[in-house]
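Numbered per mature numbering (1 follows the signal peptide of the UniProt record, and there is no 0), the sequence shown spans residues -18 to -1, 1 to 401. One structure below.
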Amino acid sequence: MLLESVALLALAASSARAWLPGEHREIYARDGTNLFNNTALAGQSTAKRWLQASEKVRGVNLGSLFVFEPWLAETAWSNMGCGGQNSEFDCVSYLGQTQANSVFQAHWSSWITQADIAQMQSYGLNTIRVPVGYWLMESIVYSSEHFPQGGIGYLEQLCGWASDAGFYIIIDMHGAPGAQVPTNPDTGQYAPSAGFYVDYQYARAEQFLSWLTNLIHTTSAFRNVGMIGIVNEPIQNSGTVTTMLSDYYPAAYNAIRNAESALGTSANNYLHVEPMNQLWGSGNPTSYFPNNYFLAYDDHRYLKWDTSVTVSQSGYLTNTCDDNRNSDNETPTIVGEFSLSVPDDVQWTSAWDPSTQQAFYSQWFAAQVTKYEEYTNGWIFWAWKSQLGDYRWSYQDAVAAGMIPGNIANVNQAACNGY
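Given below as structure tokens:
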């Protein structure tokens, strides 16, 4: 079954340019065997850096794996000894480095397993997005900073499993040096202010991107990584991000390309470089890039926090069905995060209760993914799993609850009829 599933995704690759939707790619096993035509992988630089093999990106985020978000998995957080701590930084400071390394490594080995990858594959998904922090590159972590150590080996193992299963992989820098937003554990630290937007922090991020690029191109397990997100959800609607656009974005692009050039990587094998899109609200990402070769764009769509949308089931369906997430004409765009969650003040009321409103949530999921596929290169749900007991934040739980079909190919294509 595994090889059959992979073969459906894999055909011989073009050597002329990037892969685009509807085209095909080579898929390699861990030993370098081409699973489609059984030819050997002659050096890692031959692995094509494509977009998805066929159809659209259909994926899940591996939230709370390498950047722990306590709200998503409070039981695991508490069991690690981190209860009452706001972020990874705080927990490592509290436990001490040795104990923190032990509990985080146990978490990395158990939160997402090879069985999870197989289950994702059985659901017809073809992509995973992996949020990581810059602290995976331990040499750039300051002595005053406190993060768990040893994560890169677990990331390599994960990407090996996903590559073996034929997944397209996006690695996203979710936690930036200094934190790109304040008081948010999504950055790996509950920083009182956003310290990312200065030259020396940009330089550390660029070092991280260069290091990660080198690993991706030289390590077999990373062979299906085709895209790097260069910073997740920077500050919105603020002049703070001006230097991010003018200084960091082009430097991040060059850091990745220079690492590839140093390895002798051919242009058709470059990684896609992915900033947040203009709809996110942190400025026009294309303003200062040296070129747009192998750029992609990350769109996040959470109606939960969009106060301009009428908070009703019909309002949500109408907005989703009318919403072109590529209206800024940035191509290719991927809706890299979305969920089924609704505003905190109504989420457990009778009109929104997930235990009684299954018909709505099933329709809304179908409406979102069909429209994202219509206007963009696809979607990645947040997240694969949680400990909330709420399928609105867990793809795995939503399938179990019948809100998402067990084979995503069977999603309701008529969900927007009437809206």
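Glycine residues also receive a C-beta, built at the ideal position from the N, C-alpha and C atoms.
Give me the residue from the options with the minimum Cα distance to residue i.
{"i": "residue 294", "options": "323, 141, 195", "result": "323"}
{"i": "residue 160", "options": "318, 187, 270, 274", "result": "187"}
{"i": "residue 156", "options": "253, 96, 353, 178", "result": "178"}
{"i": "residue 166", "options": "236, 51, 151, 387", "result": "51"}
{"i": "residue 180", "options": "223, 199, 168", "result": "223"}
{"i": "residue 44", "options": "256, 95, 267, 171", "result": "95"}
{"i": "residue 429", "options": "153, 325, 267", "result": "Absent from the model: residue 429. The displayed extent of the chain is -18 to 401, so no value can be given."}
{"i": "residue 277", "options": "266, 287, 257, 290", "result": "257"}
{"i": "residue 210", "options": "197, 176, 220, 202", "result": "197"}
{"i": "residue 71", "options": "48, 331, 192", "result": "48"}
{"i": "residue 279", "options": "105, 290, 261", "result": "261"}
{"i": "residue 76", "options": "64, 347, 171, 377", "result": "64"}
{"i": "residue 297", "options": "379, 401, 141, 53", "result": "401"}
{"i": "residue 375", "options": "37, 39, 53, 183", "result": "53"}
{"i": "residue 202", "options": "330, 282, 162, 139", "result": "139"}
{"i": "residue 200", "options": "284, 331, 247", "result": "247"}
{"i": "residue 215", "options": "367, 234, 282", "result": "282"}
{"i": "residue 239", "options": "219, 275, 225", "result": "275"}
Going by DSSP, name the residue or residues bridged to residue i.
{"i": "residue 211", "result": "154, 256"}
{"i": "residue 171", "result": "166"}
The beta strand (DSSP E) with residue i in it runs from where to where?
{"i": "residue 362", "result": "360 to 363"}
Tell me the residue span of the alpha helix (DSSP H) that contains residue i.
{"i": "residue 244", "result": "231 to 244"}
{"i": "residue 395", "result": "Counting along the chain, residue 395 falls outside any alpha helix (DSSP H), and DSSP gives it neither H nor E."}
{"i": "residue 344", "result": "340 to 357"}
{"i": "residue 391", "result": "Taken as a continuous stretch (DSSP letters only), residue 391 belongs to no alpha helix (DSSP H), as it is neither H nor E."}
{"i": "residue 372", "result": "That residue, residue 372, is in no alpha helix (DSSP H); it is neither H nor E in DSSP."}
Contact check, residue i vs residue j under 8 Å by CB: the rounded distance?
{"i": "residue 264", "j": "residue 212", "result": "That belief does not hold up - the Cβ atoms of residue 264 and residue 212 are roughly 12 Å apart, past 8 Å."}
{"i": "residue 397", "j": "residue 345", "result": "5 Å"}
{"i": "residue 302", "j": "residue 333", "result": "Not confirmed; about 17 Å, so no contact."}
{"i": "residue 318", "j": "residue 362", "result": "5 Å"}
{"i": "residue 305", "j": "residue 353", "result": "7 Å"}
{"i": "residue 151", "j": "residue 141", "result": "6 Å"}
{"i": "residue 69", "j": "residue 170", "result": "6 Å"}
{"i": "residue 39", "j": "residue 109", "result": "5 Å"}
{"i": "residue 269", "j": "residue 227", "result": "5 Å"}
Can you find a CB in chain C that lies within less than 9 Å of the CB of residue i?
{"i": "residue 121", "result": "Among the protein chains of the structure shown there is no chain C, as only one such chain exists."}
Task: 3 or more residues per run - each beta strand (DSSP E) lying fully within the region 98 to 159 - done: Fully contained in the region 98 to 159 are the following beta strand (DSSP E) runs of length 3 or more, in chain order: 109 to 115, 150 to 157.
Task: Runs of beta strand (DSSP E) wholly within the region 270 to 337 (minimum 3 residues, chain order) - done: 279 to 283, 315 to 320
Task: In chain order, each alpha helix (DSSP H) run of at least 4 residues that lies wholly inside the region 35 to 90 - done: 56 to 61, 70 to 77
Open item on the list: Give the list of continuous alpha helix (DSSP H) stretches no shorter than 4 residues that lie fully inside the region 175 to 203.
Closed with: 181 to 200
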